[in-house]
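The working numbering numbers the first residue of the sequence shown as -9 and each following residue consecutively. So the structure is just underneath, and the comments pick up after that.
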Amino acid sequence: MLQSGVGEVGDNIDSTEDRAQNENMSYKAWSCKAAKAAWTASWNVCHFHHLPQWLQDNDFLHSGHRPPLNSFNACFKSIFRIHTETGNIWTHLLGCIAFMGTMTYFLTRPPYETKPDDKIVFSMYFIGAIICLGCSFAFHTLHCHSENIGKLFSKLDYCGIAILIMGSFVPWLYYGFYCHFYPKIIYMSMVMALGIMAMIVSLGDKFSSPSLRSVRAGVFAAFGLSGIIPAIHYGYTEGWFNKVAQAYLGWLLLMGVLYILGALFYAMRVPERFFPGKCDIWFQSHQIFHVLVIAAAFVHYHGVSEMAVYRTTMGECRAQSAIY
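Written out as structure tokens, the structure is:
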């Protein structure tokens, strides 16, 4: 009987330990679920037709949309979830970080490598790219917060595009007309005026409406294509084939092609137009547009870098007409 009693006590101890382990595991599982629920802020992606009208932008993207979140904290946490804006957010967030790193590297070069005036000229471009990509990242992250916040950051997004285009013109006009003061000033003034006009237009409430998608693409494409005028002037005075052979003009032409191609993808909503509901999360037109913008921006940086090297190593400017 003594042995039997000892056995029963041992079984009870084992049973108690098992229950404690099970309760501990259950508590851990509950904690994980609670943490996940807190992180996701208790919202689920939804279908396009369940969105309020102010969030309905692209009807070819059927599912995976964020609902109105009404919290900046929830909007920023949504960066780490999968939805229709995930690719748009991360492409320009990473692009913005990349340009910050490139700018930091460029500006920390010693004076014998990069002159102060070159740093100032390139800074105009870097700042334009960082503002554009940063505003785009902010818009795609926060536009689901509320209608008013969405409109505000939409306007900042479009203003950022205009600022990038203005900043892109500065280094190539500076080095392209390195020895021609008056044409350089005239063209830069023209670009600034057009940029301000584009920003004023983009501040209108109706400018961001889905029905004006092609108009938006056209406005910024026309602004960028205004560079054809100084490009023709530059090619005429310097020699087209000579400059293409020296590579940097070819890089600038490639940049223009990438920007125009991106605008076409954006305006025509390709490929989701041909595959409705199949590109909801990845490979939608806006993501392709973002990737092409970043590619064009770095191609432009490479092209104007080549131009800067050529201009700064050619020696002093020869005495020549400031008009031509």
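Backbone N, C-alpha and C define an ideal beta-carbon position, used for all residues, glycine too.
query, result
"Buried versus exposed, by CB contacts within 10 Å (16 or more), LEU163", "buried"
"Candidates ILE110, MET304, GLY150 and GLY166: closest to HIS223 by CA position", "GLY166"
"Beta bridge counterpart(s) of HIS55 as assigned by DSSP", "CYS36"
"Buried or exposed by the 16-neighbour rule on C-beta atoms within 10 Å, applied to GLY77", "buried"
"For PHE50 and ARG259, believed in contact at Cβ under 8 angstroms, the rounded distance", "6 angstroms"
"Cα-Cα separation between ASP195 and GLY150, rounded to whole angstroms", "16 angstroms"
"Run of the alpha helix (DSSP H) containing ARG263, from where it starts to where it stops", "That residue, ARG263, is in no alpha helix (DSSP H); it is neither H nor E in DSSP."
"Anticipated Cβ contact below 8 angstroms, GLY252 with VAL283, distance rounded", "5 angstroms"
"Closest residue to LEU83 among SER275, TYR95 and ILE69 (Cα-Cα distance)", "ILE69"
"Residue burial classification, GLY229 (beta-carbon count within 10 angstroms, cutoff 16)", "exposed"
"7 angstroms Cβ cutoff met for VAL289 and TRP241", "yes"
"Distance CB(SER216)-CB(LEU239) smaller than 7 angstroms", "no"
"Three or more C-beta pairs below 8 angstroms linking the region 102 to 116 and the region 294 to 311", "yes"
"Whole-angstrom distance between LEU243 and GLY124, CA atom to CA atom", "25 angstroms"
"Simplified DSSP assignment, three categories, for LYS174", "helix"
"Rounded C-alpha distance that separates VAL160 from MET187", "17 angstroms"
"Buried or exposed by the 16-neighbour rule on C-beta atoms within 10 Å, applied to ALA212", "exposed"
"Nearest-angstrom Cβ-Cβ length linking THR104 and ASP270, presumed shorter than 8 angstroms", "No, THR104 and ASP270 are not in contact; Cβ-Cβ is about 45 angstroms, not under 8 angstroms."
"ALA298 versus TYR168: straight-line alpha-carbon distance, rounded", "9 angstroms"
"Other residues of its chain near THR131: CB distance less than 8 angstroms, five sequence neighbours each side excluded", "CYS65, PHE66, SER68, ILE69, GLU75 and ILE79"
"Beta-carbon proximity check, ILE153 vs CYS122, cutoff 7 angstroms", "yes"
"Top-ranked residue by Cα proximity to TYR148, from VAL205, PRO100 and PRO58", "VAL205"
"Pairwise C-alpha distance: GLU262 and ASP47", "13 angstroms"
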